[in-house]
Amino acid sequence: MNAGSVGSAVTASTGAGETPEVPAGRVGLAVRGLRVVYDGFVAADDVSFDVQPGESFGIVGESGSGKSTVLRALCGLAPRAAGEVHLVGSEAAPGSRAWRRQVQMVFQDPYGSLHPRQTVDRILAEPLAIHGLRDAEARIERALADVGLADGFRFRYPHQLSGGQRQRVAVARALILEPPVLLLDEPTSALDASVQAEVLNLLDALRVRRGLTYVMVSHDLAVVTHLCSRLMVMRAGRVVEQVTSGDLAARRAQADYTRELMEASLGFRRVAV
Ligand SMILES: Nc1ncnc2c1ncn2[C@@H]1O[C@H](COP(=O)(O)OP(=O)(O)OP(=O)(O)O)[C@@H](O)[C@H]1O
Ligand SMILES: [Mg+2]
């Protein structure tokens with residue numbers, strides 16, 4: 015991810031003073047008729063869904079189906095050609111500074127998403143400076159502790175960390191502003207299976223402990239079924255259906271396409287038997 019350009023865009027549009035905090039557990043999402051077009055190519059069309067405060071909502075679908083596009087539109091990184099996105103329980107306007115404090119994203123690739131020449135300390139301090147938050151020391155210490163990294167990691171560079179440790183830093187960076195909503199784009203797919211499970215368990219524990227609202231994209235139906243209460247299936251930029259994880263585990267999907275995805279997911283079969 016282009017952390018630098020996102021950061022500088024934010025810096026350019028912000029004034030002085032602290033962006034107000036909205037407590038976790040009170041903010042959900044409402045998406046209506048979202049359409050994203052890249053150079054004439056419709057990457058997402060007529061996408062609508064609701065996420066309740068404190069809920070974990072999954073998005074699944076084959077590669078290129080528009081999952082990342084929806085997340086990117088939610089945090090202002092993809093152009094919205096039509097439709098509306100709202101934070102339920104918050105007054106923040108899409109793309110505003112307040113919105114960016116309340117909706118943070120964790121990207122798939124822990125190698126690309128952390129600036130290679132910045133220490134963990136600097137990576138975590140940057141969002142605090144952008145949003146005018148004081149107590150950087152205490153916040154950085156707390157964020158590292160939250161993701162299970164000892165204080166000694168603070169002055170390391172990304173290349174001195176394992177993949178799992180990098181992704182923990184990426185989660186800490188997303189959490190440092192204490193946003194109520196976290197968007198997770200394949201947060202563990204670049205990691206080995208055992209590390210993947212550790213990071214997923216950490217994410218789940220953080221959500222429960224802090225009352226966070228998650229929207230999580232994954233190829234892996236087993237992961238989404240385990241961590242999310244409901245999920246949306248996408249294909250070619252459109253919503254195929256929404257199902258509860260319970261229905262999916264009991265193989266009660268309505269659409270043929272969802273059943274095909276279930277059959278294709280070896281992990282899902284392993285979990286379902
Ligand atoms: N910046 C862009 N410019 C042009 N086309 C894009 C851009 N970003 C995505 N697309 C196209 O939009 C479609 C949806 O992409 P998206 O990244 O949302 O898919 P995805 O479901 O996240 O796939 P994957 O599982 O591989 O990550 C793809 O066909 C992709 O090529
Ligand atoms: Mg993607």
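First residue of the sequence shown: 15, per my numbering; consecutive thereafter. Built from N, CA and C at the ideal position, the CB exists for glycine as well.
If you keep only unbroken beta strand (DSSP E) runs of at least 3 residues inside the segment 117 to 155, you get 117 to 120. By the criterion of a C-beta distance shorter than 6 Å, residue 141 is surrounded in its chain by 190, 191, once the five residues flanking it on both sides are discounted. Taking a 10 Å sphere around the C-beta of residue 173, we find fewer than 16 other C-beta atoms and assign the residue as exposed.
The three-state secondary structure of residue 158, taken from DSSP, is helix. Look at residue 84 here: in three-state DSSP terms it is helix. Comparing alpha carbon positions, the residue from 163, 200, 55, 103 closest to residue 65 is 103. Distances from the CB of residue 120 to the heavy atoms of ligand 2 are all 7 Å or more. Annotated as proximal: residue 177 and residue 205, with beta-carbon spacing under 8 Å. The continuous alpha helix (DSSP H) containing residue 218 extends over residues 207 to 224. When the beta-carbon positions are compared, residue 68 and residue 39 come within less than 8 Å of each other.
Under a 10 Å Cβ-count criterion, residue 270 is classified as exposed, with fewer than 16 other Cβ atoms of the shown protein chains found around its own Cβ. Counting only residues of its own chain and dropping the five nearest sequence neighbours on each side, residue 185 has a CB closer than 6 Å to the CB of 120, 161. Bounds of any beta strand (DSSP E) do not take in residue 103, whose DSSP letter is neither H nor E. Under the three-pair Cβ rule at 8 Å, the segment 77 to 94 does not count as touching the segment 127 to 140.
Here residue 220 has no same chain residue with a Cβ atom under 6 Å from its own Cβ, once five neighbours each way along the sequence are excluded. At a threshold of 7 Å, residue 238 does not count as near ligand 2, since its beta carbon sits no closer than that to any of the ligand's heavy atoms. Residue burial is scored here from C-beta neighbours: residue 55 has fewer than 16 other C-beta atoms within 10 angstroms and is therefore classed as exposed. Judged by DSSP secondary structure, residue 56 falls outside any alpha helix (DSSP H) and instead within the beta strand (DSSP E) spanning 55 to 65.
Between ligand 2 and residue 231, a heavy atom-to-CB distance of less than 7 Å is present.
Placement of the Cβ of residue 77 at a distance of less than 7 Å from at least one heavy atom of ligand 1 is found. Residue 211 and residue 52 have their C-alpha atoms spaced approximately 34 Å apart.
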